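Everything below concerns the one structure shown next.
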Amino acid sequence: MASSRDGPLPNTDVARLLREIGDLLELDQANPFRIRAYRNAARVIDGLTEPIAVVDANPETLLEELPGIGEDLAHTIRQLAATGGVALLTRLRRRISPDELELLQIRGLGPKRIRALKSGLGVRSVADLRRALEEETVRTVPGLGARSEAKLRAELSARPTGPPRMLRATAAHYASLLADHLRAVDGVRQVEVAGSFRRGRETVGDLDLLVSATTPAKVIRAFTEAQGVRELLQQGDTGASVRLDAGLQVDLRVVPAESFGAALYYFTGSKAHNIAIRRLGQERGLKINEYGVFRGSRRIGGRTEREVAKAVGLPWIPPELREDHGEIEAARAGTLPGLVSIEDLRGDLQMHTTSSDGRDDLETMVRAAATKGYAYVAITDHSPAVRVTRGLDAAGFRTQGAAIDRLNAKRGRMRVLKSVEVDILADGSLDLDDRSLARFDIVTASIHSAFELPADRQTRRIVRALKHPAVQVLAHPTGRLIGERGSMNANWDQVFRAAAEQGVWLEVNGQPSRLDLDDAASRRAVSLGVTLTIGSDAHSAAELDGIRWGVDQARRGWVSKASVANTWPLATLLRRRRRS
DNA sequence: GCCGTTTTCGGCCCGACTGTTTTCAGTCG
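Numbering-wise, the first sequence is residues 500 to 1079 according to my numbering.
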């Protein structure tokens, strides 16, 4: 991983190496708190909105000043950022192979059992484990038996390539089916989907359902017997876990109403946020668990999340912020952002019609958008260069423009903006001539090719496009597709600064597999003075609602209403364009 | 490894479930 490179390692890579050290230390059965310290540091680094070197250059924000980072970790982080390696990591990698790390990903295997398998059977990789399972020798290892062997076998056959994370929008479908199913059960009072789903993470590893009910047994039975349940993983008096046919694991927990808020807080996470909250409780002589807030044995709160927060002297913190990325400090200081919400949106600035790769025609899209109560929408069909989308040429856009004029003449309430998603070519020039571009109300530009350019060329390409006077929005700026393609290599700080300087707005694309900019990039961009837009990028009328996935991602990025151009009234939007 | 209205050592969030154990360890969230 650490190879010859120029410039410091990006924060995400430093965080990854810190996590690797944590995992290796765990396999090495190091002090659990030492392990936690490395993982905590990884999270803190992930939460930084500026490159490590920038933070560290400011005497006020030296690494040592960050929560949970002391002298040792600060040195380690500096060295990792500068060189991509550190002696501890090298030493650990020599002792423990990457294959062994993979074993840690298997559910049911922790450091103790991995060590037992290694010393007892010589298991040093997933492949070794498969062999041992076939030979039925796992049961001979002390502490493991035939049941454990069977569970491991099921675990490996169910997920041959490791635990998949499912797109949040896909998981939402199963979540709402199950939640509705449970709401219909006798004695059920409240049902919430908690976990990373509630925090708005772009992908989820499992679903956490929380129910308050008078008769847990009934709820648990209804859950384990629900349609689409493939396998019962575990079951107790207060909950159960199942795997769905779709492969998704779902955990159910049933609590009494007086514990619902505490349980919701607890099962929403993140784990790091909860630990921080519990520590605050501890400082006040309180014990906080999923059943409530306790002083001694006396319950002093827990019916609502607000009661939990109040017990530790904090206002309620939106779930999207609960990552221990500074939200607790902000809550304490009274500086939590007022997050943008779906109700704030007055328009949608990115959607397609049958004129390019959309599945519904202009009239259908406009009619559907009008039912959302929008004051304006922009129709952004593709330009010709994106071949697969059958983009429009200059003449095609003129025809479409005339059709939009006719629609605007008919409909008084919602303004349809003439727009385009014009392709940015490999050299940073645009796929339509300047005269054509000048005719649009608003021009969105984006990249659909040459994702693999070296960082410096990619940066120059994007910045050149941003400097084109016609360009108002840069759509899905990094080009990532979740689980398929990473962000383009570019100097994103430089891109964000150029966008801020030029007055170009950066999109948070609502497509469930894009969500681009993502949460961290949105936060960073806004901190550098960038204005965002949130767009559905709908390719059908039904997909217009997908804008909410973009809103949730922006909320995770601490984005407030004022930073999102399509929360503004139409007049403001038009006035704040670059060339108005 | 971090940290201090338990300050430089001795703590570090808290509980559920499973399996193998004869009283609890390991794992997970």
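Idealized CB from N, CA, C, for every residue including glycine.
Since this is a predicted model, take the numbers as computed values, not measurements.
Residue environment, residue i, which counts as buried when at least 16 other CB atoms sit within 10 Å
i	result
Pro818	buried
Leu561	exposed
Arg1054	buried
Thr575	buried
Leu731	exposed
Lys917	buried
Ser740	buried
Arg934	exposed
Glu822	buried
Arg1023	buried
Pro715	buried
Gly661	At Gly661, the pLDDT of 47 sits below 50, so the modelled position is not reliable; the number obtained from the coordinates is stated separately. So Gly661 ends up on the exposed side.
Val1050	buried
Gln458	Because the chain spans 500 through 1079 in this model, residue 458 falls outside it and cannot be assessed.
Ser1062	buried
Gly569	exposed
Pro836	buried
Ser711	buried
Glu691	buried
Residues bridged to residue i (per DSSP)
i	result
Trp1004	Val972
Gly738	Arg752
Asn788	Gly791
Thr853	In the DSSP output, where bridge partners are listed per residue, Thr853 has none listed.
Leu929	Ile923
Ala743	The sequence as given places Leu at residue 743; Ala does not occur at that position. For Leu743, which the question treats as bridged, DSSP gives the partners Val728.
Gly846	Tyr875
Val710	Val690, Val753
Arg797	Arg794
Gln528	Gln528 pairs with nothing; no bridge assigned.
Gln604	Paired residue(s): none; Gln604 is not in a bridge.
Gln733	Ser740
Cβ shell of residue i (< 6 Å), same chain only, five flanking positions each side left out
i	result
Arg851	At residue 851 the sequence reads His, which differs from the Arg that was named. So the list reads Gly857, Asp880, His1038, once near-sequence residues are dropped.
Glu826	Ile816, Leu820
Gly890	Ser855, His881, Ser882, Pro883
Ala721	Val684
Lys786	Phe793
Ile774	none
Own chain partners of residue i with C-beta closer than 7 Å, once the 5 adjacent residues on each side are dropped
i	result
Gln957	Met987, Asn988, Ala989
Val640	Ala615, Leu616, Gly619, Leu620
Thr853	Asp859, Asp860
Lys871	Leu1043
Glu635	Glu648
Leu1005	Leu973, Pro976, Ala998, Leu1016, Ala1024, Val1029, Leu1031
Gly735	none
Arg677	Residue 677 is actually Leu in this sequence, not Arg. Same-chain partners within the cutoff: Leu708, Ala725, Val749.
Pro610	Glu525, Leu526, Gln528
Leu508	Leu579, Ala580, Gly583
Val513	Ile544, Ile551, Ile576, Leu579, Ala580
Thr1071	none
Sequence-distant residues of its chain with Cβ nearer than 8 Å to residue i (five each side left out)
i	result
Arg504	Interpretation of Arg504 is limited by its pLDDT of 48, a score under 50 that renders its predicted location unreliable; the figure taken from the coordinates is listed afterwards. Result list for Arg504: Gly583, in chain order.
Gly607	Ser647, Lys650, Leu651, Glu654
Val942	Ser918, Val919, Val921, Leu936, Ala969, Val970, Gln971, Val972
Glu862	Leu906
Check whether the stretch 964-974 touches the stretch 998-1017, taking contact to mean three or more Cβ pairs, one atom from each stretch, closer than 8 Å. yes
Check whether the stretch 536-549 touches the stretch 611-631, counting contact only when three or more Cβ pairs, one atom from each stretch, lie closer than 8 Å. no
Which residue spans inside the stretch 937-987 form an unbroken beta strand (DSSP E) run of at least 3? 941-945, 970-973
For the pair the stretch 640-657 and the stretch 666-673, tell me if three or more CB-CB distances fall below 8 Å. no
Tell me the start and end of each unbroken alpha helix (DSSP H) in the stretch 864-918 that is at least 4 residues and wholly inside, in chain order. 893-909
Sufficient close CB pairs (3 or more, under 8 Å) joining the stretch 622-634 to the stretch 582-602: yes
Taking contact to mean at least 3 C-beta pairs separated by less than 8 Å, is the stretch 1056-1067 in contact with the stretch 837-849? yes
Do the stretch 1011-1024 and the stretch 974-985 make contact, defined as three or more Cβ pairs closer than 8 Å? yes
With three or more beta-carbon pairs closer than 8 Å as the criterion, would you say the stretch 759-768 touches the stretch 794-813? yes
Could you pull out every unbroken alpha helix (DSSP H) segment of at least 4 residues lying fully inside the stretch 997-1064, listed in chain order? 1018-1026, 1046-1055
Ranges of the alpha helix (DSSP H) found wholly within the stretch 622-708, counting only runs of at least 4: 625-633, 645-657, 667-682, 694-697
Indicate whether the contact test is met: 3 or more Cβ pairs, each with one atom in the stretch 779-789 and one in the stretch 696-703, closer than 8 Å. no
Output the residue ranges of the alpha helix (DSSP H) runs that lie fully inside the stretch 817-842 and measure 4 residues or longer, sorted by chain position. 826-832
Please go through the stretch 539-584 and give each complete alpha helix (DSSP H) segment of 4 or more residues, from N-terminal end onward. 551-556, 570-582
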